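Novice:
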Amino acid sequence: MAAFAPPPGTADIFPDESGRWRALENAAVKVFSTYGYGELRTPIFEYTEVFQKGLGGETEVVQKEMYTFEDRGGRSLTLRPEGTAGVMRALSNTDVMNGVEQRVFYIGPMFRGERPAAGRRRQFHQVGVENVGRATPLADVECIAMLMRFLREAGIPDARLVINTRGVSADRPAAAKLLHDYFAPHIGEMCEDCRARLERNVWRILDCKQEHCREIVAGVPDYVAAFSPESRAWFDEVKQGLTALGVPFTVDPLLVRGLDYYVHTVFEVTHSGLGAQTAIAGGGRYELFLPGQNKPVPGVGFAAGMERLLLVQDALGVKPGEKSDVPVALIGLGAAARIENLKLADALRDRGVYAVTELEERSFKAQLRNANRLSADYAVIRGEAELAAGTAVVKRMSDGEQEQVPAAGLLDNLLQKRGKSNA
Ligand code: HAM
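Sequential numbering from 694 applies to the sequence shown in our numbering.
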């Protein structure tokens, strides 16, 4: 068969793998529910301005990575590159504007036109949360603690949490001037992107990946000291709260995050199993203008990349996937036996037992081979002779031991073998 691969940066997730995805989703639902979060499902595409306004027109995601197209009416639509902007668009239809707190989580695909690599996809999947409507440092603390609890639940107890503060917009001019004055004398040695960033958005220089730029960036002055006392007090409360909850963290002044909506607390989680630079999750506090509103709405949230969580699980040898069940294989020879087996399979499934049954005429050998391929623990075998005698053969596949069972007692016999009573 000729190979026909999915587009670059996308992947098919086959049943032998999807159990691990389901387990990860279940871990998220379990943990988030204990904090009062409910699931919000928003569209996969939105009007383009939702992301342009939400994430900021200057961000890398908006400038270079969005999948944008026109709908039939000529309106610009974009496949969602992240979850927050769409969630906020949806919440603008609720009473969050009246100070009612909303706690929502989401699980699903996101789309960014990035260069594909291990753990970097064009269609990737996030589990994320947003706590909207509350502006208080303890909301940040609780959100971060919930992320770390989710990671533990997913079998990743040793992730590294890095935090920083972005202050508020009024804090930034003075701090940006400090950075500008520091970088200006070095800018000739820095990369082309950084040269453009110096005047346009000096903060972006802080997360430049070029080695030589990083050497210069390493010496940046303490710009947080130039933030207002209120902003610094907010950050202190976050640090104290995390310490009180026993959540270990490192403060990294170079963490600015790639999206423009952040204020105050920002954070990222990395894991050595992925290489030091790659984040498995990121988030922070933000202020977003909801459509039609002239006052920003405060929120805090994060998103974790599911592909990356799975890679870390691989590195740690964690295999939490739902244990795939093995079937009882119903082997029938002849049309009458096939119908009897179909009925028996139905009854077994009523009790939650996984059963496979042959639906067309195939040889005994072929059916047995299929039972082995599926690792069936028991096979029920019957042909015309067994039907006439009102019996069936039940074969234990591990050692081939067989017993004759009356047809009337077959269901009970199998349920008992599976530790289920026929009550
Ligand atoms: P983000 O840092 O852009 O934040 O993405 C969050 C996570 O999604 C990353 O840490 C990474 O694990 C995963 N991720 C991002 N891009 C890719 C990709 N191309 N391939 C695979 N995984 C990827 C946000 O998206 C914010 N909306 C998070 C947030 C929620 N902030 C506040 N609330």
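Glycine included, every Cβ here is placed at the ideal spot set by N, Cα and C. Please read all numbers here as calculations on a predicted model, not as lab measurements.
Since proline 802 contacts isoleucine 909 with CB under 8 angstroms, what's their CB separation in whole angstroms?
Specialist: The count along the sequence shown starts at 1 and reaches residue 802 at position 109. The count along the sequence shown starts at 1 and reaches residue 909 at position 216. Rounded, the Cβ-Cβ distance is 38 angstroms, inconsistent with contact.
Novice: DSSP has glutamine 903 in a bridge; who is on the other side?
Specialist: The residue given as residue 903 occupies position 210 in the sequence shown. Partner(s): none; glutamine 903 has no beta bridge.
Novice: By Cβ distance, which residues of its chain are closer than 8 angstroms to alanine 972, with the 5 residues on each side in sequence left out?
Specialist: Taking the sequence shown and counting its residues from 1, the one referred to as residue 972 is at position 279. Cβ within range, chain order: Glu961, Val962, Thr963, Gly998, Arg1001.
Novice: Kindly indicate the opening and closing residues of the beta strand (DSSP E) around serine 1118.
Specialist: Because residue 1118 is not part of the residues shown, which for the chain are 694 to 1116, the question remains open.
Novice: Between which two residues does the alpha helix (DSSP H) carrying asparagine 1063 extend?
Specialist: Taking the first residue of the sequence shown as 1, we reach residue 1063 at position 370. Residues 1057 to 1066.
Novice: With distances taken Cα to Cα, identify the nearest neighbour of tryptophan 896 among Tyr916, Ala1040, Trp927, Leu844.
Specialist: Within the sequence shown, the letter at position 203 stands for residue 896. The candidate whose alpha carbon is nearest that of tryptophan 896 is Tyr916.
Novice: Given 7 angstroms as the limit, tell me if glycine 1076 has its C-beta closer than that to any heavy atom belonging to ligand 1.
Specialist: Position 383 of the sequence shown, counted from the first residue, corresponds to residue 1076. No, ligand 1 has no heavy atom inside 7 angstroms of this Cβ.
Novice: Would you mind working out which of Phe804, Asp705, Asp764, Glu739 sits nearest alanine 778, comparing C-alpha positions?
Specialist: Taking the first residue of the sequence shown as position 1, residue 778 is located at position 85. Checking every option, the nearest Cα to that of alanine 778 belongs to Glu739.
Novice: Among Gly951, Gln933, Leu952, which has the Cα closest to the Cα of threonine 943?
Specialist: Reading the sequence shown from its first residue, position 250 is the one you call residue 943. For threonine 943, the nearest C-alpha among the options comes from Gln933.
Novice: Count the CB pairs spanning the region 1107 to 1114 and the region 1043 to 1061 that are closer than 8 angstroms, and state whether there are at least three.
Specialist: Yes: at least three Cβ pairs fall under 8 angstroms.
Novice: Which residues does DSSP pair with methionine 803 in a beta bridge?
Specialist: To locate residue 803, count along the sequence shown from 1; it is residue 110. Partner(s): Phe817.
Novice: Could you give the distance in angstroms between the alpha-carbon of phenylalanine 843 and the alpha-carbon of glutamine 819?
Specialist: Start at 1 with the first residue of the sequence shown, and residue 843 comes out as number 150. Start at 1 with the first residue of the sequence shown, and residue 819 comes out as number 126. For phenylalanine 843 and glutamine 819, the distance between alpha carbons rounds to 13 angstroms.
Novice: Can you determine whether any heavy atom of ligand 1 sits closer than 7 angstroms to the C-beta of leucine 952, and answer yes or no?
Specialist: Residue numbering aside, residue 952 sits at position 259 when the sequence shown is read from its first letter. Result yes, Cβ under 7 angstroms from ligand 1.
Novice: So, using beta-carbon positions, are proline 991 and alanine 828 closer together than 8 angstroms?
Specialist: Locating residue 991 in the sequence shown gives position 298, where the first residue counts as 1. Locating residue 828 in the sequence shown gives position 135, where the first residue counts as 1. In this structure, alanine 828 lies closer than 8 angstroms to proline 991 by Cβ.
Novice: How about the region 708 to 724 and the region 913 to 932: do they share at least three Cβ pairs that are nearer than 8 angstroms?
Specialist: Touching, no.
Novice: Between the Cα of tyrosine 955 and the Cα atoms of Lys723, Val724, Leu748, Ala720, which residue gives the shortest distance?
Specialist: If you number the sequence shown from 1, residue 955 lands on position 262. When each option's Cα is compared against that of tyrosine 955, the closest is Leu748.
Novice: Are arginine 815 and proline 699 closer than 8 angstroms when you measure CB to CB?
Specialist: The sequence position of residue 815 within the sequence shown is 122, counting from 1. The sequence position of residue 699 within the sequence shown is 6, counting from 1. Cβ atoms of arginine 815 and proline 699: not closer than 8 angstroms.
Novice: Is it the case that the CB of alanine 972 approaches a heavy atom of ligand 3 more closely than 7 angstroms?
Specialist: Here the bound small molecules are ligand 1; ligand 3 is not part of this structure.
Novice: Mind checking which residues open and close the alpha helix (DSSP H) that includes isoleucine 837?
Specialist: Within the sequence shown, numbered from 1, the residue matching residue 837 stands at position 144. Start and end: 830 to 846.
Novice: With a cut-off of 8 angstroms, do at least 3 Cβ pairs link the region 1060 to 1079 to the region 1089 to 1098?
Specialist: Yes: the two stretches touch, three or more of their Cβ pairs being nearer than 8 angstroms.
Novice: Rounding to the nearest angstrom, what Cα-Cα distance links threonine 703 and glycine 750 in this structure?
Specialist: For the purposes of this step, residue 703 is taken as residue 10 along the sequence shown, with counting starting at 1. For the purposes of this step, residue 750 is taken as residue 57 along the sequence shown, with counting starting at 1. The alpha-carbon atoms of threonine 703 and glycine 750 are separated by roughly 26 angstroms.
Novice: Decide yes or no for the touch test of the region 784 to 793 against the region 751 to 764: beta carbon pairs closer than 8 angstroms, at least 3 of them.
Specialist: The region 784 to 793, when compared against the region 751 to 764, does not touch it at the 8 angstroms Cβ threshold.
Novice: Give every residue of the same chain whose Cβ lies closer than 7 angstroms to the Cβ of tyrosine 760, excluding the five residues on either side of it in the sequence, and list them in chain order.
Specialist: In the sequence shown, the residue the question calls residue 760 occupies position 67. These residues qualify, in order along the chain: Thr771, Leu772, Phe804, Gly806.
Novice: Just to confirm, are valine 822 and leucine 935 a CB contact at a threshold of 8 angstroms?
Specialist: Position 129 of the sequence shown, counted from the first residue, corresponds to residue 822. Position 242 of the sequence shown, counted from the first residue, corresponds to residue 935. For valine 822 and leucine 935, no; Cβs fall outside 8 angstroms.
Novice: Considering only their Cβ atoms, is the gap separating proline 1020 from glutamate 930 smaller than 8 angstroms?
Specialist: The sequence position of residue 930 within the sequence shown is 237, counting from 1. The sequence position of residue 1020 within the sequence shown is 327, counting from 1. Against a cut-off of 8 angstroms, the Cβ pair of proline 1020 and glutamate 930 comes out as no contact.
Novice: Can you tell which of Leu1026, His957, Lys1036, Ala847 has its C-alpha closest to the C-alpha of leucine 1061?
Specialist: Against the sequence shown, residue 1061 aligns to sequence position 368. It is Leu1026 whose Cα lies nearest to the Cα of leucine 1061.
Novice: Aspartate 953 to glutamate 1053, Cα distance in whole Å?
Specialist: Residue numbering aside, residue 953 sits at position 260 when the sequence shown is read from its first letter. Residue numbering aside, residue 1053 sits at position 360 when the sequence shown is read from its first letter. Aspartate 953 and glutamate 1053: Cα-Cα distance of roughly 60 angstroms.
Novice: At a threshold of 7 angstroms, does arginine 853 count as lining ligand 1 (C-beta to nearest heavy atom)?
Specialist: Walking along the sequence shown from the start, residue 853 turns up at place 160. Result no, Cβ not under 7 angstroms from ligand 1.
Novice: Should histidine 957 go down as buried or exposed, given a rule of 16 or more other Cβ atoms within 10 Å for buried?
Specialist: Along the sequence shown, read from residue 1 onward, the residue named residue 957 stands at position 264. That one is buried.
Novice: Can you tell me whether glycine 994 sits near ligand 1, meaning its C-beta is under 7 angstroms from at least one heavy atom of the ligand?
Specialist: Counted from its first residue, the sequence shown places residue 994 at position 301. Checking the Cβ of glycine 994 against ligand 1 gives yes.
Novice: Check each candidate in Leu1080, Pro866, Leu1004, Arg890 and name the one with the smallest Cα separation from phenylalanine 876.
Specialist: Working through the sequence shown from its first residue, we reach residue 876 at position 183. Comparing Cα positions, the closest option is Arg890.
Novice: Grab the span of the beta strand (DSSP E) containing glycine 975 for me, first residue to last.
Specialist: Residue 975 sits at position 282 when you count from the first residue of the sequence shown. Element bounds for glycine 975: 972 to 982.
Novice: Does the distance between the C-beta of threonine 777 and the nearest non-hydrogen atom of ligand 1 fall short of 7 angstroms?
Specialist: Position 84 of the sequence shown holds residue 777. Yes; taking the cut-off as 7 angstroms, the Cβ of threonine 777 has a heavy atom of ligand 1 nearer than that.
Novice: What are the partner residues of valine 822, as DSSP defines its beta bridges?
Specialist: Taking the first residue of the sequence shown as 1, we reach residue 822 at position 129. Answer is Phe798, Phe995, bridged to valine 822.
Novice: Report the residue ranges of all beta strand (DSSP E) runs contained in full by the region 695 to 743; include only those spanning at least 3 residues, in chain order.
Specialist: If we require 3 residues or more, the beta strand (DSSP E) runs fully inside the region 695 to 743 come out as 738 to 740.
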